[in-house]
Structure formats: C-alpha cells, structure tokens
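Report on the following structure.
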Amino acid sequence: MSKSDGISIGNQDINFPKNNLFIYNNEAISTIALAYFIAKVKVISIPKFMLILPFVLHEQTLRQLNNNSINRSLEEFIIKKPLLLSNFNSRYKDFLPLSINSITILNELEIIVLDREYIYYNPNGNFKRKSNHDIGDRAKKIMKGIDNLIEIITQNDQNSLYLTLKIEL
79 MSKSDGISIG NQDINFPKNN LFIYNNEAIS TIALAYFIAK VKVISIPKFM LILPFVLHEQ
139 TLRQLNNNSI NRSLEEFIIK KPLLLSNFNS RYKDFLPLSI NSITILNELE IIVLDREYIY
199 YNPNGNFKRK SNHDIGDRAK KIMKGIDNLI EIITQNDQNS LYLTLKIEL
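Take any residue in the sequence shown, count from 1 to its spot, add 78: that is its number in our numbering.
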C-alpha cells in the first residue's frame, strides 16, 4: 500500500479511495492550497476565492493546469478540454463546505483578513511561501497548478467566471 492510499492501524489496513472526496480532499490540503493562492495574489474577492478548490482538487483538471499548453485563458481551457469543466457546477457545490471550512481555518490562524467582499493575505501571519521541498508530491502538484490558475482567475471578473463555468447559485 502506498502512503496516499491509506494507513495501517495495528494489523488492519484502512484505505482512503480517491473517489471519496471528503477524505482525499480534506481541510489540511485545501487550507494549504488556499493559503498558497492568497499569499501569491495578496487580495481576491470572496466569490473568486471559492472557485479555486474545484479546479485544483480535481485530479484531471489539475493535471491539465500543470500541462503548460493550456494556461492562457479560461475560454481556451474550455475549448480544448470541455469535458473537464462540464461538471464544474457540481464540483463547486461539493467543495463549497470545504472552501468555507478552509477560509475559517485561515482566518483563525490569522493568515487572511476577511471583509464583506474581499480576502486579504496577512503578511504578518503564520504562512510563508518559502521552499516547498518539505511537503508532499500532491501539494507540490497543487501549488504548480495554482501558479497556472492565478492568471485564469485574476484576468476575469467574477460574474463572467461564474457565467462561463455555468455555476448555478
């Protein structure tokens, strides 16, 4: 059994299948991902911030984000890989509680500052973007995907992102 598949307790193996999003995608990995994103962009609207996890915690979409051939715009992403975003609304709704929990954790740790419309990075907080050699391979892949996602998220206004991704509120 590999480390990402599960754990052993005594003589019993406990597997964590990737298709169980609530175990594989948890507050730890999502909080790291969102902290990394906000540390890079410094400020973002709350609605845009809620779009990050459905991109980077979906394995196929993350793999495509890490493929440098499609990172210029959301429209190009949709044209070249429409199936990856066809269920984005469902993923958005599935990851909404995880996003909210992670924002709460980041706020409690004073990594972010919230106001009514925006999330701000707190440079005096506990999260520092230094070397990522001490984190796991999955977190490294997510960070690389975030580096490519930043342009897609920041170059569009939130209304057009929600409409383009067909998110139903």
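C-beta: ideal position from N, C-alpha, C; glycine also. Just so we're clear, the structure is a prediction, and the values are computed from it rather than from any experiment.
Cutoff 8 Å; reference residue i; Cβ partners in own chain excluding five residues on either side
{"i": "ILE228", "result": "PHE115, LYS118, VAL119"}
{"i": "LEU195", "result": "First, the amino acid is wrong: residue 195 is Glu here, not Leu. Excluding positions up to five away in sequence, the list reads SER123, ILE124."}
{"i": "ARG150", "result": "GLU229"}
Cβ-heavy atom distance, residue i to the ligand MN, below 7 Å
{"i": "ASP172", "result": "This structure lacks the ligand MN, and indeed carries no ligand of any kind."}
Reduced DSSP secondary structure (H/G/I, E/B, other) of residue i
{"i": "LEU192", "result": "strand"}
{"i": "ILE213", "result": "coil"}
{"i": "ILE245", "result": "coil"}
Rounded separation between residue i and residue j - CA only
{"i": "ASN146", "j": "SER180", "result": "28 Å"}
{"i": "THR109", "j": "TYR170", "result": "16 Å"}
{"i": "GLN138", "j": "ASN202", "result": "35 Å"}
{"i": "GLN142", "j": "ILE130", "result": "14 Å"}
{"i": "ILE245", "j": "ASP235", "result": "14 Å"}
{"i": "PRO132", "j": "PHE166", "result": "7 Å"}
{"i": "ILE157", "j": "LEU239", "result": "15 Å"}
{"i": "GLY214", "j": "ILE107", "result": "10 Å"}
{"i": "LEU161", "j": "GLU154", "result": "13 Å"}
{"i": "LYS159", "j": "MET128", "result": "21 Å"}
{"i": "GLU188", "j": "ASP225", "result": "23 Å"}
{"i": "LEU247", "j": "ASN204", "result": "33 Å"}
{"i": "ASN237", "j": "THR182", "result": "24 Å"}
{"i": "LEU243", "j": "SER168", "result": "11 Å"}
{"i": "ILE197", "j": "SER177", "result": "13 Å"}
{"i": "LEU174", "j": "TYR199", "result": "20 Å"}
{"i": "LEU241", "j": "LYS126", "result": "12 Å"}
{"i": "ASP212", "j": "ASN104", "result": "19 Å"}
Own chain partners of residue i with C-beta closer than 6 Å, once the 5 adjacent residues on each side are dropped
{"i": "ILE230", "result": "LEU152"}
{"i": "GLY223", "result": "VAL134, LEU140, LEU143, ASN144"}
{"i": "ALA111", "result": "VAL134, ILE220"}
{"i": "VAL121", "result": "TYR196, TYR198"}
Same chain only: Cβ atoms within 7 Å of residue i, ignoring 5 sequence neighbours per side
{"i": "THR232", "result": "VAL119"}
{"i": "ASN185", "result": "LEU192"}
{"i": "HIS136", "result": "ARG169"}
Please go through the stretch 102-177 and give each complete beta strand (DSSP E) segment of 3 or more residues, from N-terminal end onward. 121-123
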